[in-house]
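Structure, as structure tokens:
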Amino acid sequence: MVSVLILTKNEEQDLPACLASVAWCDDIHVYDSYSDDRTVEIAKAAGASVTQRVFDNWAAHQNWGLKNIAFKYPWVLYIDADERVSEGLHKSLQLFDVNNANAAYEIRRRDFAWNGTWLKHAQVSPFYLRLFRPEKMRYERLVNPLSIPEGSVARLEGYLDHYPFSKGIKFWFARHLGYADMEAAMRLQQMNAGEKFSVKKALFSADFTQRRYHQKGLFYKLPGRPLIKWLYMVVVRRAFLDGPAGVTYATMQSIYEYFIVLKTKEMLPK
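Quick look at the structure:
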């Protein structure tokens, strides 16, 4: 058996289905950033333990939770309120050997568009470290945090289903405007610190998290990033195979990249 950790902030709409997908677990923790809707009420009604903390940034918030929440089991499955544990993933968790020597497991996530289309090709990063020993996991970066495990990593079968448009396209853009602020702040920190990124690690590192970190760092140095991202998603990853939803999603991601470009310029010293 594993414990479940769900991060929330005003998630009364998505939380019920999320909780239903992990109803098999007897140690569910809702880690809430002082919601002002019915999130806490829903969590408690489902038998979940609730811990509240003011959100500052993703890495600090997640690290605090792993250090201070008293989990019943040595392994934690971390999910967001707009995610669901699929039946296949549940079966894998039922067969999971809790005594193995790994520090974490990668789980494949399926992102679904507003019309229910699985963004199979448009999704840039399908694997995430979501099952881990909490004492062997830490996070870095203000937003889209890097998962840094202390030990070996394996992969678990089954899907974690993600519905990023459950609250509508308007909400998606509003949320990503906030993400752009934090991404721009991170970019300025890297520029001021003269941080270096490795092409070798970006291409060949066996650690997916490290590979993605260096890819992102190098990508931020490229001119015309929004267009490059769109071409990468549509042409290289073949987002067009996901139909109109795939091409639209690629366009939305390129707009988000442009948000980051604009916010970075705005934050630069005049």
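The sequence shown begins at 1 in the UniProt record's numbering and counts up by one. Glycine is no exception: its CB is placed at the ideal position from the N, C-alpha and C atoms.
Express the C-alpha separation of residue j and residue i in angstroms, rounding to a whole number.
i, j, result
"Arg109", "Phe259", "25 Å"
"Pro134", "Gly151", "12 Å"
"Val50", "Leu89", "24 Å"
"Val199", "Lys221", "12 Å"
"Ile28", "Ser254", "36 Å"
"Lys72", "Val98", "13 Å"
"Asn144", "Ala45", "30 Å"
"Gly178", "Lys196", "26 Å"
"His61", "Gly217", "23 Å"
"Glu106", "Ala23", "22 Å"
"residue 276", "Val235", "No answer is possible for residue 276: it lies beyond the span of the chain, which begins at 1 and ends at 270."
"Lys120", "Gly224", "25 Å"
"Asp56", "Leu129", "22 Å"
"Ala174", "Pro149", "31 Å"
Does the distance from the CB of residue i to the CB of residue j come in under 8 Å?
i, j, result
"Leu131", "Ala103", "no"
"Leu5", "Ile42", "no"
"Gln189", "Lys201", "no"
"Ala180", "Lys263", "yes"
"Thr8", "Ala81", "yes"
"Ala93", "Val2", "It should be pointed out that residue 93 corresponds to Leu in this sequence rather than to Ala. Yes; because the gap between Cβ atoms is below 8 Å, this pair is in contact."
"Phe112", "Trp118", "yes"
"residue 272", "Ala185", "As shown, the chain starts at 1 and ends at 270. That puts residue 272 outside it, with no answer to give."
"Lys91", "Gly158", "yes"
Spatial neighbours of residue i within its chain, please: CB distance less than 7 Å, with the 5 preceding and 5 following residues excluded, ordered by chain position.
i, result
"Ala122", "Met233, Arg237, Ala239, Asp242, Gly246, Tyr249, Ala250"
"His176", "Tyr256, Phe259"
"Asn115", "Ala245"
"Arg84", "Ala17, Cys18, Ser21, Asp161"
"Arg212", "Ser125"
"residue 274", "Outside the displayed span of the chain (1 to 270) sits residue 274, for which this structure offers no information."
"Lys270", "none"
My assumption, with CB atoms under 8 Å, is that residue i sits in contact with residue j. Please give the rounded CB distance.
i, j, result
"Trp230", "Arg141", "So it is not a contact: roughly 23 Å between Cβ atoms."
"residue 271", "Leu160", "In the structure displayed, the chain extends from 1 to 270; residue 271 sits before or after that span and is not available."
"Met137", "Ser125", "With a Cβ gap of about 18 Å, Met137 and Ser125 do not count as contacting."
"Tyr34", "Val54", "6 Å"
"Asn68", "Tyr139", "Not quite, the Cβ-Cβ distance comes to about 14 Å (not below 8 Å), so this is no contact."
Spatial neighbours of residue i within its chain, please: CB distance less than 8 Å, with the 5 preceding and 5 following residues excluded, ordered by chain position.
i, result
"Trp172", "Pro164, Phe165, Met252"
"Val40", "Val30, Asp32, Val50, Gln52"
"Pro226", "Ser254, Ile255, Glu257, Tyr258, Val261"
"Trp75", "Val2, Ser3, Phe96, Val98, Leu131, Phe132, Arg133"
"His214", "Phe197, Ser198, Val199, Lys201, Ala202, Ser205"
Who are the near neighbours of residue i in its chain, counting only those whose CB is closer than 6 Å to its CB and skipping five residues on each side?
i, result
"Arg187", "Tyr220, Thr264"
"Asp37", "Asn10, Glu12"
"Met182", "Leu142, Val143"
"Cys25", "Val4"
"Ala154", "Asn102, Tyr105"
Give the list of continuous beta strand (DSSP E) stretches no shorter than 3 residues that lie fully inside the UniProt domain "Glycosyltransferase 2-like" (3 to 154). 3 to 8, 28 to 32, 49 to 52, 76 to 80, 83 to 85, 104 to 111, 127 to 132, 137 to 140, 146 to 149
Note down, one range per segment and in chain order, each alpha helix (DSSP H) of at least 4 residues found wholly within the region 159 to 245. If we require 4 residues or more, the alpha helix (DSSP H) runs fully inside the region 159 to 245 come out as 169 to 193, 199 to 204, 208 to 219, 225 to 231.
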